[in-house]
Amino acid sequence: MELLLSFIDLVLHLDKHLPVLIEQYGTWIYLALFLVIFCETGLVVTPFLPGDSLLFIAGAIAATGAMAPEVLVVLLVSASFLGDNTNYWIGRLAGPRIFRSKTSRLLNRDYLDKTHHFYKKHGGKAIILARFFPIIRTFAPFVAGMGHMDYRRFLAFSFGGSAAWVGSFVLGGYFFGNIPFIKQNLTLVMLAIIFISILPGIVGYLRHRYQ
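Numbering (the working numbering), first residue to last: 28 to 238.
Laid out in structure tokens, this is it:
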């Protein structure tokens with residue numbers, strides 16, 4: 028039981044354990060990061076995995092020379108994009124059956140309803156905007172698949188969202204993550220980054236609504 032709890036703590040707080048893991052496992056850490064980002068975006072049962080903080084801290088560690096930033100960005104954009112597409116096809120092919128089966132007990136219906144409302148409000152742009160909202164980004168591709176969103180259109184939004192999300196957090200960590208003030212106030216910094224990232228979308232939405 029203690030071993031299981033240690034493993035769960037490692038997965039849920041991988042961002043905090045990352046520096047030690049890099050020292051112990053070297054380049055294998057790239058695979059671990061790929062799998063975490065893939066699962067967070069690709070499986071509706073794992074929205075709890077760390078995404079934003081993991082990307083930011085990975086970027087900060089890359090700035091020390093422990094990881095290659097260009098490899099990190101390409102790898103994690105790929106993980107996010109592939110996860111999105113996996114989630115889309117799960118929603119498209121099996122979404123209705125999942126919510127009629129016993130498996131639905133593993134999913135939080137409130138999360139799905141909030142994502143569906145978010146998707147209806149923002150349309151295709153929701154795939155990009157959802158990237159910057161934890162939990163919603165896990166359910167957005169699933170909802171798009173259930174709604175049979177045009178796949179070519181989904182691919183464009185998915186790639187754009189993946190590149191914007193991974194790029195902004197990894198490069199943000201790379202350039203600013205090792206500044207003492209930021210290291211000491213990481214939570215506030217993460218919230219500020221998320222707010223700045225979604226601000227253009229909020230402004231555009233308000234303009235459209237009140238024109």
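For glycine and all other residues, C-beta sits at the position ideal for the given N, C-alpha and C.
Small disclaimer: the values here were computed from a predicted structure and weren't measured.
Residues near L192 by beta carbon distance below 6 Å, same chain, minus five either side: Looking at the sequence shown, residue 192 is not Leu but Trp. Counting only Cβ-Cβ distances below 6 Å, and skipping sequence neighbours, we find R158.
With N161 and G78 assumed to form a contact (beta carbons below 8 Å), what rounded beta-carbon distance in angstroms separates them? In the sequence as presented, Asn is not what sits at residue 161; that position holds Pro. That belief holds up - the Cβ atoms of P161 and G78 are roughly 6 Å apart, short of 8 Å.
Burial state of G86 (16 or more Cβ within 10 Å): Under this definition G86 is a buried residue.
Same chain only: Cβ atoms within 8 Å of G194, ignoring 5 sequence neighbours per side: Once the five neighbours on either side are set aside, the close Cβ partners of G194 are V100, V104.
Check L120 in the structure and name its three-state DSSP category. helix
Please classify P74: is it buried, with 16 or more other beta-carbons within 10 angstroms of its beta-carbon, or exposed? buried
Can you tell me whether G92 is buried or exposed, with buried defined as 16 or more other CB within 10 angstroms of its CB? exposed
Going by the beta-carbon positions, is the gap between G76 and V197 smaller than 8 Å? The question names Gly, but residue 76 in the sequence shown is Leu. Not closer than 8 Å, so no.
Relative to the C-alpha of L70, which candidate in A121, L58, V98 has its C-alpha closest? A121
Three-state secondary structure assigned by DSSP to L103: Here L103 sits in helix by DSSP.
Return helix, strand or coil for N212, following the three-state DSSP convention. N212: coil per DSSP, three-state reduction.
Going by other Cβ atoms of all chains shown within 10 Å of its Cβ, with 16 needed for buried, is V72 buried or exposed? Per the 10 Å Cβ criterion, exposed.
In three-state terms, what does DSSP make of M176? coil
So, R124 versus M173, is the Cβ gap smaller than 8 Å? no
Is the CB-CB distance between A106 and I64 below 8 Å? yes
What do you get for E97, buried or exposed, if any count of 16 or more other CB atoms within 10 angstroms of its CB means buried? exposed
Using the Cβ count rule (16 or more neighbours within 10 Å means buried), how would you classify V47? exposed
Just the Cα atoms here: how many angstroms apart are Y146 and L45? 33 Å
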